[in-house]
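These notes are about the structure you will find just below.
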Amino acid sequence: MSVFAMDWYLIGLLFFVGFYCMLASRSIVRQLIGLEIISKAAMLTVISAGALTANLVLAQALLITMIVIEVVVVAAGLALLVKTFRVNGNADIWRLDSLKG
Amino acid sequence: MDKGLLAYLLIPLLSAVIIPFAARSRARLADILANVTLLAGLLNLAWLALRPSVIAGGFADIPGDGFSLLLVGAVYLVGLCVTFFSAWFMEDGQANRPAYYSLILASVSAMTGVVTTTDFFTLYVFIEVLAVTSFALITTDESTKGIEGALKYFFLTFPASALIIVGISILMLSLGSLSFETLRIFMASDVPPGPVTFAAALIMLGFLIKSGVVPFHAWTPDAYQGAYAPVSAHLAGIVTKISGVYAVVKLATLLRFFDGRAAALSEMLMFLGLLSIAVGALAALRQKDFKRMLAFSSISQVGYIVLAAGLGTPLAIMGAIFHLVNHATFKTVLFLNSASLEKSAGTTDMEKLGGMEHSMPWTSWTSVIALLSTAGVPPLSGFWSKLLIILALWEAGLRGYAALALLFSLVTLAYFMVMQRKVFFGKKTQAAESAPEVGAPLLAPVVLMSALIVALGLLFPYFYAYAKMVAERILL
Numbered sequence: 001m002s003v004f005a006m007d008w009y010l011i012g013l014l015f016f017v018g019f020y021c022m023l024a025s026r027s028i029v030r031q032l033i034g035l036e037i038i039s040k041a042a043m044l045t046v047i048s049a050g051a052l053t054a055n056l057v058l059a060q061a062l063l064i065t066m067i068v069i070e071v072v073v074v075a076a077g078l079a080l081l082v083k084t085f086r087v088n089g090n091a092d093i094w095r096l097d098s099l100k101g
Numbered sequence: 001m002d003k004g005l006l007a008y009l010l011i012p013l014l015s016a017v018i019i020p021f022a023a024r025s026r027a028r029l030a031d032i033l034a035n036v037t038l039l040a041g042l043l044n045l046a047w048l049a050l051r052p053s054v055i056a057g058g059f060a061d062i063p064g065d066g067f068s069l070l071l072v073g074a075v076y077l078v079g080l081c082v083t084f085f086s087a088w089f090m091e092d093g094q095a096n097r098p099a100y101y102s103l104i105l106a107s108v109s110a111m112t113g114v115v116t117t118t119d120f121f122t123l124y125v126f127i128e129v130l131a132v133t134s135f136a137l138i139t140t141d142e143s144t145k146g147i148e149g150a151l152k153y154f155f156l157t158f159p160a161s162a163l164i165i166v167g168i169s170i171l172m173l174s175l176g177s178l179s180f181e182t183l184r185i186f187m188a189s190d191v192p193p194g195p196v197t198f199a200a201a202l203i204m205l206g207f208l209i210k211s212g213v214v215p216f217h218a219w220t221p222d223a224y225q226g227a228y229a230p231v232s233a234h235l236a237g238i239v240t241k242i243s244g245v246y247a248v249v250k251l252a253t254l255l256r257f258f259d260g261r262a263a264a265l266s267e268m269l270m271f272l273g274l275l276s277i278a279v280g281a282l283a284a285l286r287q288k289d290f291k292r293m294l295a296f297s298s299i300s301q302v303g304y305i306v307l308a309a310g311l312g313t314p315l316a317i318m319g320a321i322f323h324l325v326n327h328a329t330f331k332t333v334l335f336l337n338s339a340s341l342e343k344s345a346g347t348t349d350m351e352k353l354g355g356m357e358h359s360m361p362w363t364s365w366t367s368v369i370a371l372l373s374t375a376g377v378p379p380l381s382g383f384w385s386k387l388l389i390i391l392a393l394w395e396a397g398l399r400g401y402a403a404l405a406l407l408f409s410l411v412t413l414a415y416f417m418v419m420q421r422k423v424f425f426g427k428k429t430q431a432a433e434s435a436p437e438v439g440a441p442l443l444a445p446v447v448l449m450s451a452l453i454v455a456l457g458l459l460f461p462y463f464y465a466y467a468k469m470v471a472e473r474i475l476l
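Chains A and B, in that order, give the protein sequences.
Mapped onto the working numbering, the consecutive letters of the first sequence carry residue numbers 1 to 101.
Mapped onto the working numbering, the consecutive letters of the second sequence carry residue numbers 1 to 476.
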């Protein structure tokens, strides 16, 4: 198997793990971890595409920007998690059902 | 990046940085700074596009492709209405004023970035910035509902971002470049599209989730209903439209759907558009909360834009652009009115409200104008955009789609009439007895937007010339 095929095999696996983690768990913390795994898999696709097209410089530049964005997103997500925990006293995603209609 | 419009991105960002320092001891200064920044930008834009010499020349010498200029105008207009409204809506000491205005200006700046960029990666960066500012804005009043809405929004938009990233890297593999222009040239050539359309489909899927089209609409009503009242106008009026729908329309023009090179994607998009028109309208019929009903109505109106974008002919793209602008005007009016109701009567539950027109005549009549425009009653602006979309569908031979779009336009009228009768007409209820009309400053943005709805409808020939120029520039 070529390196490229191995890359994308791993990426597919990581996507599956991430989505499974988001679907199967009730805790918001675990959901955030699942989300992180998904976005790491997405970042791997960028670096793999850069390596394959001999355009690693561009891929690295994109990736560093993505990591910076990722940090901000995680900070926002954790802030929401802390607020939810303070208001509701738990971090259970299935109990968020006050809005419906 | 379109250099001509870069200043509209940088100046609000600068203001957003200055506000927390300048307004540390005097919170009122934050109101003034935010309003002045946006008003100055709006006047500048009006000068750029509406000078007599530019109108006489058929809008030939405006910068860029005209589409970005129009949407920057819409962003500034809605931003100004929301900041002006919140300057009087917020009670002292209730929320952190400097942070709130900083975030609004940062989101205006990010939206300007989204509409002026010319490559997919910059688009992605600005969309993430916009998403992060929206979460913070939704939770402004720190209520349980706001946090819940923001959390649902968070967990649906970030998987969508991951899809966009995968699409971007497949585009890198197959096309070698991320600029819009390369994709347009590629789609105009005879090379088999293959993986490029796959990449475009992944990117489009991400943006469809972000715009709340029907199979992915779960977050939309919750986020709009839970958000802090003026923020829901900002969010529904412009933020989700720019972060999702704009990109879908842009991709539709880049993929040249009218050529039939990406026919499967085009059909899928049209189907999803019609589905969200239907589901949004039918779900809005049975809502009990005013804001939640408006949110479902928003899903339904987004459906019209997506349907037109999926068709992709120049006439349909004109309709989509015009409906995008109209949606910004009428949804801002309706959501700001719901915020006024919340401030005055203390609730947005339609069962508890009733007979509000006796005590709040201005709010009632601006709602009537906005809802008639949404339903597409001539001569208001919404009529023309829906007419363009339905004509384009008819012209392309899709009679069934055209008939269904027309039918659900009637359903729109029905649910808005039910709303108007329950909330504003009829006998006064207990909540209405003690509800005075809100002050003139809170009415000013709503009246301005209503005047704009009427004006866009009556001055349609001028706008038609502009939209035609835009559609020709971005398609050909």
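Note that CB positions come from ideal geometry on N, CA and C, so glycine has one too.
As the structure is a prediction and not an experimental result, all values here were calculated from the model.
Test: Ile46 (chain A) CB closer than 8 Å to a CB of chain B: First, the residue type needs correcting, since residue 46 (chain A) is Val and not Ile in the sequence shown. Yes, contact with chain B.
Gly50 (chain A) classed as buried or exposed, judged by whether at least 16 other C-beta atoms fall within 10 angstroms: Answer is buried; the Cβ neighbour count reaches 16.
Contact set between Ala42 (chain A) and chain B, taken where Cβ atoms lie within less than 7 Å: Chain B residues near Ala42 (chain A): Ala162, Ile165, Val166.
Where Phe135 (chain B) meets chain A, residues with beta-carbon distance less than 7 Å: Those are Ala76, Leu80, listed as they occur along chain A.
Chain B residues whose Cβ lies nearer than 9 Å to that of Ala54 (chain A): Ala54 (chain A) does not reach chain B, its nearest Cβ partner there being about 10 Å away, counting only Cβ pairs nearer than 9 Å.
Interface residues of the region 343-375 of chain B facing chain A [CB-CB below 8 Å]: So nothing in the stretch comes that close.
Buried versus exposed call for Glu128 (chain B) [16 or more other C-beta atoms within 10 Å across all chains shown]: Around the CB of Glu128 (chain B), 16 or more other CB atoms lie within 10 Å, so the residue is classed as buried.
Sub-8 Å separation of Phe330 (chain B) and Ser300 (chain B) beta-carbons: The Cβ atoms of Phe330 (chain B) and Ser300 (chain B) do not sit closer than 8 Å to each other.
Endpoints, the alpha helix (DSSP H) within which Gln287 (chain B) is located: Judged by DSSP secondary structure, Gln287 (chain B) falls outside any alpha helix (DSSP H); it is assigned neither H nor E.
Those runs of the beta strand (DSSP E) which lie wholly inside the region 93-127 of chain B and span at least 3 residues: Entirely contained in the region 93-127 of chain B, not one beta strand (DSSP E) run reaches 3 residues.
Residue span of the alpha helix (DSSP H) that contains Pro52 (chain B), given as start and end: Element bounds for Pro52 (chain B): 52-56.
Short CB-CB distance (under 8 Å) between Met66 (chain A) and chain B: By this cut-off, Met66 (chain A) is an interface position.
Where the alpha helix (DSSP H) containing Arg421 (chain B) begins and where it ends: That run of the alpha helix (DSSP H) goes 399-423.
Neighbourhood of Ile147 (chain B) by C-beta distance below 6 Å, restricted to the same chain and skipping five residues each side: In the same chain as Ile147 (chain B), and ignoring 5 residues on each side of it, the C-beta atoms closer than 6 Å to its own belong to Thr139, in chain order.
Secondary structure of Ser177 (chain B), DSSP reduced to three states: Looking at Ser177 (chain B) - three-state DSSP - the assignment turns out to be coil, as it is neither helix nor strand.
Pairwise C-alpha distance: Phe89 (chain B) and Ala284 (chain B): When the Cα atoms are used, Ala284 (chain B) and Phe89 (chain B) turn out to be separated by approximately 27 Å.
Glu395 (chain B) classed as buried or exposed, judged by whether at least 16 other C-beta atoms fall within 10 angstroms: With fewer than 16 other CB atoms across the displayed protein chains lying within 10 angstroms of its CB, Glu395 (chain B) is exposed.
Span of the alpha helix (DSSP H) around Asp7 (chain A): Asp7 (chain A) -> alpha helix (DSSP H) spans 3-24.
Residue-level contact to chain B via CB, Ala49 (chain A), 8 Å cutoff: Taking Cβ atoms only, chain B reaches closer than 8 Å to Ala49 (chain A), which makes this a yes.
Arg184 (chain B) versus Leu371 (chain B) - alpha carbon distance: Each residue's alpha carbon lies about 38 Å from the other.
Own chain residues within Cβ distance below 7 Å of Met270 (chain B), not counting five before or after: Counting only residues of its own chain and dropping the five nearest sequence neighbours on each side, Met270 (chain B) has a CB closer than 7 Å to the CB of Leu307, Gly310, Leu311, Tyr401.
Alpha carbon of Thr117 (chain B) to alpha carbon of His358 (chain B), nearest angstrom: Rounded to whole angstroms, Thr117 (chain B) and His358 (chain B) show a C-alpha spacing of 48 Å.
Residue interval of the alpha helix (DSSP H) (run including Asp222 (chain B)): Secondary structure note for Asp222 (chain B): its alpha helix (DSSP H) is the uninterrupted segment 219-226.
With 16 other Cβ atoms within 10 Å as the buried cut-off, status of Glu70 (chain A): Buried: at least 16 other Cβ atoms inside 10 Å.
Test: Ile33 (chain A) CB closer than 8 Å to a CB of chain B: No, its Cβ sits nowhere closer than 8 Å to a Cβ of chain B.
Reduced DSSP secondary structure (H/G/I, E/B, other) of Ser98 (chain A): Ser98 (chain A): coil per DSSP, three-state reduction.
Coarse secondary structure for Ser25 (chain B), derived from DSSP in three states: Ser25 (chain B) falls in the coil class under three-state DSSP.
Beta-carbon proximity of Lys386 (chain B) to Gly397 (chain B), cut-off 8 Å: Not a contact, by the Cβ cut-off of 8 Å.
Distance, Gln430 (chain B) Cα to Gly206 (chain B) Cα: Each residue's Cα considered, the two are about 46 Å apart.
Cutoff 8 Å: Val279 (chain B) Cβ touching any chain A Cβ: No, because no Cβ of chain A sits closer than 8 Å to the Cβ of Val279 (chain B).
Range of the contiguous alpha helix (DSSP H) that encloses Tyr466 (chain B): Annotation: the continuous alpha helix (DSSP H) that includes Tyr466 (chain B) extends over 460-475.
Buried or exposed by the 16-neighbour rule on C-beta atoms within 10 Å, applied to Leu407 (chain B): Exposed, by the Cβ-count rule.
One or two residues paired with Ser27 (chain A) in a DSSP bridge: A:Asp92, per the DSSP bridge assignment.
Span separating the alpha-carbon of Ile33 (chain A) from that of Ala24 (chain A): Using only the alpha carbons, I get a separation of about 12 Å.
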